[in-house]
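Participant: I'd like to ask you about the structure that follows.
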Amino acid sequence: MDVVEELLKLAERAARERPTRLPSGTWPEELKPVIEWLRSLSPMKVKVAYLGPPGSYTHEAASLVFPKEELVSKGSIPEVFESVEKGEADFGVVPIANRLEGPVNETIDAFLQSHVKVYYDVEIPIRIMLASGTVKDVKEIKRVYGHPMIFKQATKLLKELGVEQVPTSSTSEAARIAAQEPGAAALCSPKAVEMYKLKVLRANVEDKPHNATRFFVIHKRDNPEGDKTALLASVPHRPGGLFEFLKPFAERGINLTMIYSRPLKDHPWRYVFYIETEGSREALKEVLEEASKISSFLKILGSYTKLDLTG
């Protein structure tokens, strides 16, 4: 197996110094058959940490990006970051923003404390299923289990049902209960339906059909082919401070796709700005150097690419 590992290292070098043990689909086309053959000989697998119990939406995202790799459940976003930073996992998957609810504050806070980088950006639709393991018809439902956030996204259905709503810690926990309890149904993900072998009573019951959540795949290094960059910045607490910071981006025609303020916990009434911009770290080198002179704090979270999983 030492020979296999040496061959993998040579392939990695040929793939423009990409990080080791990448998921399927990231190698040049001419190298893919060789990589797949080498992987079949090696017992080594990518380990991926993700937020939440099995059956969560983050689990679904991790399964789509890493369908053949070892997935490890973590109880919190900081635990996912810590697992990657310590080398216990090769990659991590965490939510970064929901189309309706906005950015995930806990993920932004974790980036403040961690040295890991963004590697991929992946978006999945949030499809909510009304499902049960004991109920065969909607009229038989006595109570519905689900995460409080899910209840907010399926208000029309809940009003129609008019039954007791029981909050749970996760959508997968709701599915686990609904699999066994008579008269119980769950609002959960398709992944949870599959895991707990539930019957779908109503599919896609979300109020807004176009809801989606973006997830970041994090790694110790950022993506050498990244064409987008995320960063955190704090600007001087004076009139025009934010304008001065953003001016170099505007002057160079650089598009900022997201800007979001987050309070700094240790500094009352001071804020850090989470920013997403088009362009790689290298392409933004000049503007970031200029912006760093204006900001009181600047941290580059990494350059990344957006994965298209629709195919």
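Heads up: the sequence shown begins at 1 in full-length UniProt numbering, then just goes up one per residue.
Beta carbons are placed, not taken as given, at the ideal position from N, Cα and C, and that holds for glycine.
Because the structure is a prediction, the values reported are computed rather than measured.
What ranges does the alpha helix (DSSP H) occupy inside the stretch 167-239, keeping only unbroken runs of at least 4 residues that lie completely in it?
Facilitator: 171-178, 190-196
Participant: So what does P263 bridge to, in DSSP terms?
Facilitator: DSSP output for P263 lists Y271 as bridge partner(s).
Participant: Taking buried to mean at least 16 other C-beta atoms within 10 Å of its own C-beta, is F237 buried or exposed?
Facilitator: Sequence inspection shows His at residue 237; the Phe mentioned does not correspond to that position. Label assigned to H237: exposed.
Participant: Which partner residues of P67 appear in the DSSP bridge assignment?
Facilitator: Note: P67 sits in no beta bridge, so no partner.
Participant: Quick one: Cα of A184 to Cα of K142, how far?
Facilitator: 6 Å
Participant: Exposed or buried, what is P53 when buried is set at 16 or more other beta-carbons lying within 10 Å of its beta-carbon?
Facilitator: buried
Participant: By the three-class DSSP mapping on this structure, what secondary structure does P134 have?
Facilitator: A quick correction: the sequence has Thr, not Pro, at residue 134. Note: T134 maps to coil in three-state DSSP.
Participant: With the cut-off set at 8 Å, would you say G226 and S292 are in Cβ contact?
Facilitator: It is not a contact, given that the beta carbons lie outside the stated cut-off.
Participant: In this structure, what does DSSP give as the bridge partners for F111?
Facilitator: F111 pairs with nothing; no bridge assigned.
Participant: Exposed or buried, G253, counting other C-beta atoms within 10 Å across all chains shown (16 or more means buried)?
Facilitator: exposed
Participant: Quick one: any contact between the stretch 186-194 and the stretch 239-254, if contact means 3 or more CB pairs under 8 Å?
Facilitator: no
Participant: Closest to G162 by C-alpha separation, out of S169, A154, T168, would be which residue?
Facilitator: A154
Participant: On the DSSP bridge assignment, give the partners of F297 in chain order.
Facilitator: S234
Participant: What whole-angstrom Cβ distance do F81 and S114 have, given they're in contact under 8 Å?
Facilitator: 4 Å
Participant: Could you check the C-alpha separation between K117 and A49 for me, to the nearest Å?
Facilitator: 14 Å
Participant: Taking C-alpha atoms, which residue in A175, V287, R270 lies nearest to T277?
Facilitator: V287
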